[in-house]
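Numbering-wise, the numbering used here puts 257 at position 252 of the sequence shown, and it's gapless, one number per residue.
Glycine included, every Cβ here is placed at the ideal spot set by N, Cα and C.
As the structure is a computational prediction, the values presented were derived from the model and not from experiment.
Notes to accompany the following structure.
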Amino acid sequence: WNEEDPEPVIGFWGYFRQPAWAPPFFTICGSLWPIASDSMGRKPILCIALLGGALGSALQGLSVVMVWPFMAFLCTRGLAGMFSGIVPVLKAYIVDHFTADEVPKVLAYREAAGTFAFVVGPAVGGILAAHVFASPLFFSAITGVVAAGLALCSLQEDSGEHRRRKRTERQSVKASNSKDSTSGAAPKAMSSIVLAAAPLMSLSFVWACTRTCFHAYFPLLLARRFSLSVTEMGSALMAVSLMIAVVQIAAFEPCRQRVGLKKTLSGGGVLIAIGLSRLCALPDNASMLLVLLCSFLYGTGSALLTPALPALLIRSAPEGRTGTVLGVESGIVNFGRIIAPPIFGLLCAPRSRLPTFAGILAASTAGAFRMRTALQQPKTQQL
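The structure is reproduced here in structure tokens:
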């Protein structure tokens with residue numbers, strides 16, 4: 006804390022006042038589970054990760070109740086982090102068990118469920134912590150065990166009919182687009198996979214940085230400009246999150262069917278850039294309504310871009326390697342989430358507006374990807 010300024014000081018070294026191994030540790034572990042699911046199956050990995058996360062949460066709660074040393078708490082936190090990476094496994098499961106046309110819609114529903122969870126979760130945790138400070142950690146452990154039980158009982162096995170159906174579906178599409186099979190076909194296919202995935206991976210990194218910085222600095226903007234209380238800031242963020250969930254459920258699929266995935270992705274990036282740019286350009290005497298309108302514009306773009314990105318990325322995944330591609334993308338996203346807050350904190354300290362160049366870069370990257378795919382449309386395989 007800065008004694009002259011009651012607000013927290015956001016800085017690079019303050020952000021990393023934790024064990025140096027933690028950021029790469031969480032990034033690597035978040036990628037390993039999706040990769041392992043390609044060989045071990047989605048359902049077993051989901052159950053293992055959920056139970057491991059529940060154990061980590063329970064130990065964190067115990068460390069608070071028993072007043073263990075701070076390093077012990079960090080170790081239990083690290084144990085919980087070892088079992089992160091459930092979301093990419095869920096996405097891979099969706100790819101395995103739904104048709105290619107249904108996958109983008111189901112991914113949008115999953116994103117909406119995650120967005121709604123980020124609204125309900127903090128509210129439930131705050132209510133529980135008001136009575137017993139460590140109770141949210143134990144509640145998280147209980148819900149993790151319940152989720153593992155639901156996964157064990159309700160999810161279908163990966164091997165067998167579903168994988169054969171997906172393999173047949175992809176092979177039929179490949180056969181209609183591929184030419185004669187030669188000795189150089191495999192390297193060419195691999196090079197096309199790399200070329201297709203590279204811009205999307207880059208966009209995932211930029212989007213992770215943009216989204217992380219918005220959620221980190223938007224409350225700071227509200228507090229400095231409008232002197233909102235914690236409850237009022239929470240209400241504003243909840244309104245934005247609920248709007249994102251509504252757009253993901255009601256508007257993403259009609260937009261995709263009308264203009265296609267690539268244009269949906271590009272349009273989302275443009276809306277994000279416009280929303281953040283206008284938010285930054287608002288004068289100091291701007292009303293709260295204008296701020297919310299700009300943030301809603303950002304949220305609409307986020308609702309369109311977030312499901313479209315993995316839906317396009319999985320098209321470049323080799324057969325049987327969907328989890329690997331999503332795991333690599335998860336590692337890139339986690340790395341962006343780790344480095345973005347301290348770097349943007351240095352760029353905008355001590356007084357700043359909301360950083361916007363990451364959002365503009367996201368939109369330009371999406372536009373470049375759209376132009377590139379349009380130029381290479383005859384050569385690109387639509388898996």
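(request) Note down the Cα distance separating L270 from V69, rounded to an integer number of angstroms. (result) Translated into positions along the sequence shown, residue 270 becomes position 265. Translated into positions along the sequence shown, residue 69 becomes position 64. Going by the C-alpha atoms only, they are around 43 Å apart.
(request) Note down the Cα distance separating E258 from G66, rounded to an integer number of angstroms. (result) Looking up residue 258 in the sequence shown gives position 253. Looking up residue 66 in the sequence shown gives position 61. About 41 Å.
(request) Grab the span of the alpha helix (DSSP H) containing A156 for me, first residue to last. (result) The residue you call residue 156 lines up with position 151 of the sequence shown. That run of the alpha helix (DSSP H) goes S140 to S159.
(message) Can you tell me whether G325 is helix, strand or coil according to DSSP?
(response) The residue you call residue 325 lines up with position 320 of the sequence shown. G325 falls in the coil class under three-state DSSP.
(message) Here's a check: name, in chain order, each residue in its chain whose Cβ is nearer than 8 Å to the Cβ of G272, leaving out the five neighbours to either side.
(response) For this step, residue 272 is matched to residue 267 along the sequence shown. Cβ within range, chain order: C260, V264, G306 and L309.
(request) At 3 residues or longer, and completely inside the region 228–288: list those beta strand (DSSP E) runs for me, N to C. (result) none
(message) Given this structure, state the Cα-to-Cα distance separating S140 from G154, to the nearest angstrom.
(response) For the purposes of this step, residue 140 is identified with residue 135 of the sequence shown, where counting begins at 1. For the purposes of this step, residue 154 is identified with residue 149 of the sequence shown, where counting begins at 1. Answer to the nearest angstrom: the Cα atoms are 21 Å apart.
(request) Can you tell me the Cβ-Cβ gap for A244 and L314, rounded? I've got them flagged as a contact below 8 Å. (result) Stepping through the sequence shown from its first residue, residue 244 is reached at position 239. Stepping through the sequence shown from its first residue, residue 314 is reached at position 309. So it is not a contact: roughly 24 Å between Cβ atoms.
(message) So, for E116: in the same chain, excluding its five sequence neighbours on each side, which residues have a beta-carbon less than 7 Å away from its beta-carbon?
(response) Counting from one through the sequence shown, the residue named residue 116 turns up at place 111. For E116, where only same-chain residues beyond five positions count, the Cβ hits under 7 Å are Q253, T311 and P312.
(request) Classify A122 as helix, strand or coil using the three-state DSSP reduction. (result) On the sequence shown, position 117 is the one that residue 122 refers to. Correct three-state label for A122: helix.
(message) Just to confirm my understanding: we take P192, look at its own chain, exclude 5 residues before and 5 after, and list those with CB closer than 6 Å. What are they?
(response) On the sequence shown, position 187 is the one that residue 192 refers to. Unreliable positioning characterises P192 in this predicted model, as indicated by a pLDDT of 43, which lies under 50. The coordinate reading is nonetheless provided below. Result list for P192: empty, nothing under 6 Å.
(request) Assign F75 to one of three DSSP states: helix, strand, or coil. (result) Working through the sequence shown from its first residue, we reach residue 75 at position 70. It is helical.
(message) Closer than 8 Å is the cut-off here; do at least three beta carbon pairs connect the region 326–333 with the region 33–50?
(response) yes
(request) Could you check which residue in D289, Y98, R283 and G35 has the C-alpha nearest to that of Q161? (result) Translated into the one-based positions of the sequence shown, residue 161 becomes position 156. Comparing Cα positions, the closest option is Y98.
(request) Could you spell out where the alpha helix (DSSP H) holding R47 opens and where it closes? (result) Taking the sequence shown and counting its residues from 1, one reaches residue 47 at position 42. First-last of the alpha helix (DSSP H) with R47: R47 to V70.
(request) Quick one: residues in its chain with C-beta nearer than 6 Å to the C-beta of A322, no 5 flanking neighbours on either side, listed in chain order? (result) Numbered from its first residue, the sequence shown carries residue 322 at position 317. Same-chain partners within the cutoff: V330.
(message) Considering only their Cβ atoms, is the gap separating V338 from A213 smaller than 8 Å?
(response) As a position in the sequence shown, residue 213 is number 208, starting the count at 1. As a position in the sequence shown, residue 338 is number 333, starting the count at 1. Cβ distance < 8 Å, so A213 and V338 count as in contact.
(request) Check whether the Cβ atoms of V150 and A59 sit closer than 8 Å, and answer yes or no. (result) On the sequence shown, position 145 is the one that residue 150 refers to. On the sequence shown, position 54 is the one that residue 59 refers to. Cβ atoms of V150 and A59: closer than 8 Å.
(request) In angstroms with no decimal places, state the Cα-to-Cα distance between I343 and L133. (result) Within the sequence shown, residue 343 is the residue found at index 338, counting from 1. Within the sequence shown, residue 133 is the residue found at index 128, counting from 1. When rounded, the distance between both Cα atoms is 28 Å.
(request) Select from S292, L281 and D289 the residue whose C-alpha is nearest the C-alpha of G304. (result) For the purposes of this step, residue 304 is taken as residue 299 along the sequence shown, with counting starting at 1. Taking only the C-alpha atoms, the option nearest G304 is L281.
(message) One question on the structure: do T81 and G61 come within less than 8 Å of each other, judged by their Cβ atoms?
(response) For the purposes of this step, residue 81 is taken as the residue at position 76 of the sequence shown. For the purposes of this step, residue 61 is taken as the residue at position 56 of the sequence shown. Result yes, Cβ atoms of T81 and G61 sit closer than 8 Å.
(request) With a threshold of 16 other CB atoms inside 10 Å of the CB of C158, please say whether the residue is buried or exposed. (result) Taking the sequence shown and counting its residues from 1, the one referred to as residue 158 is at position 153. Under this definition C158 is an exposed residue.
(request) Evaluate Y222 with the Cβ neighbour count: other Cβ atoms within 10 Å of its Cβ, from every protein chain shown; 16 or more gives buried, anything less gives exposed. (result) The residue labelled residue 222 in the question sits at position 217 within the sequence shown. By the 10 Å Cβ count, Y222 comes out buried.
(message) Rounding to the nearest angstrom, what Cα-Cα distance links G126 and L142 in this structure?
(response) As a first step, residue 126 must be located in the sequence shown, where it is residue number 121. As a first step, residue 142 must be located in the sequence shown, where it is residue number 137. Near 11 Å, if we compare the C-alpha coordinates of L142 and G126.
(request) Rank T327, K267, A345 and A146 by C-alpha distance to the C-alpha of S44 and give the top, closest one. (result) By one-based count along the sequence shown, residue 44 stands at place 39. For S44, the nearest C-alpha among the options comes from T327.
(request) Report, in whole angstroms, the separation of the C-beta atoms of G46 and G90, which I expect to be a contact under 8 Å. (result) For the purposes of this step, residue 46 is taken as the residue at position 41 of the sequence shown. For the purposes of this step, residue 90 is taken as the residue at position 85 of the sequence shown. Incorrect: roughly 15 Å between the Cβ atoms, too far for contact.
(message) Considering Cα atoms alone, identify which of A135, G341 and F144 is closest to S207.
(response) As a first step, residue 207 is located in the sequence shown; it is residue number 202 there, counting from the start. The option with the nearest alpha carbon to S207 is G341.
(message) Measuring only the C-alpha atoms, how far is L233 from L242?
(response) Residue mapping note: residue 233 aligns to position 228 of the sequence shown, counting from 1. Residue mapping note: residue 242 aligns to position 237 of the sequence shown, counting from 1. C-alpha separation (whole angstroms): 12 Å.
(message) For L318 and P204, I'd like the C-alpha separation in whole angstroms.
(response) The residue given as residue 318 occupies position 313 in the sequence shown. The residue given as residue 204 occupies position 199 in the sequence shown. Straight-line Cα distance between these residues: approximately 10 Å.
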